[in-house]
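Novice: After the structure tokens below, expect a handful of questions from me.
In our numbering, the protein residues as written are 325 to 433.
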């Protein structure tokens, strides 16, 4: 899914389900408005892909932990690692939103 989304994003085919799964709400609303954006810059694409990868790694860690152990074993570290990865993903998503907002304001000038 990620590979398809990245390829569609690189080709400028932003109105796609796989791309929608990788971008935030603000960027998606601007993508849906054809007059505002036609292509995402490399910086925004890299930040979005990095955010998506960190969130998927965090979810994968939790799924492996749930599948391989029982819930009552008392280990807290997988949950901490999960939340750390999600926090990093949120930071990259926020940076992507800020970079996108800056690029849109530069285009409007």
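All residues carry an ideal CB built from backbone N, CA and C; glycine is no exception.
Classify residue 399 as helix, strand or coil using the three-state DSSP reduction.
Specialist: As a working note, residue 399 is residue 75 in the chain shown. Correct three-state label for residue 399: coil.
Novice: Nearest to residue 423 by alpha carbon, out of 371, 331, 354, 414?
Specialist: Taking the first residue of the chain shown as position 1, residue 423 is located at position 99. It is 371 whose Cα lies nearest to the Cα of residue 423.
Novice: Find out if the Cβ-Cβ distance for the pair residue 427, residue 375 is shorter than 8 Å.
Specialist: Walking along the chain shown from the start, residue 427 turns up at place 103. Walking along the chain shown from the start, residue 375 turns up at place 51. Taking 8 Å as the Cβ cut-off, residue 427 and residue 375 do not qualify as a contacting pair.
Novice: Considering only residues of the same chain and omitting the five flanking positions on each side of residue 368, which have a CB-CB separation below 6 Å?
Specialist: Translated into positions along the chain shown, residue 368 becomes position 44. Cβ neighbours of residue 368 beyond the five flanking positions: 420, 423, 424.
Novice: Grab me the residues of residue 351's own chain with a C-beta within less than 6 Å of its C-beta, minus the 5 sequence neighbours each way, in chain order.
Specialist: As a position in the chain shown, residue 351 is number 27, starting the count at 1. So the qualifying residues of the chain are 424.
Novice: Which word fits residue 416, buried or exposed, when buried means at least 16 other C-beta atoms lie within 10 angstroms of its C-beta?
Specialist: Start at 1 with the first residue of the chain shown, and residue 416 comes out as number 92. So residue 416 counts as buried.
Novice: State the start and end residues of the unbroken alpha helix (DSSP H) segment that holds residue 368.
Specialist: Locating residue 368 in the chain shown gives position 44, where the first residue counts as 1. Unbroken alpha helix (DSSP H) run through residue 368: 366–392.
Novice: Note down the Cα distance separating residue 386 from residue 373, rounded to an integer number of angstroms.
Specialist: In the chain shown, the residue the question calls residue 386 occupies position 62. In the chain shown, the residue the question calls residue 373 occupies position 49. Roughly 20 Å separates the two Cα atoms.
Novice: Taking 8 Å as the threshold (C-beta atoms), are residue 413 and residue 379 in contact?
Specialist: In the chain shown, counting from the first residue as 1, residue 379 sits at position 55. In the chain shown, counting from the first residue as 1, residue 413 sits at position 89. Cβ distance < 8 Å, so residue 379 and residue 413 count as in contact.
Novice: For residue 409, count neighbouring C-beta atoms within 10 Å of its own C-beta (all shown protein chains included) and say buried if the count is 16 or more, exposed if not.
Specialist: The residue labelled residue 409 in the question sits at position 85 within the chain shown. Answer is buried; the Cβ neighbour count reaches 16.
Novice: For residue 353, collect the residues of the same chain with a Cβ closer than 7 Å to its Cβ; drop the 5 residues on either side in sequence, then sort them by chain order.
Specialist: Along the chain shown, read from residue 1 onward, the residue named residue 353 stands at position 29. Cβ neighbours of residue 353 beyond the five flanking positions: none.
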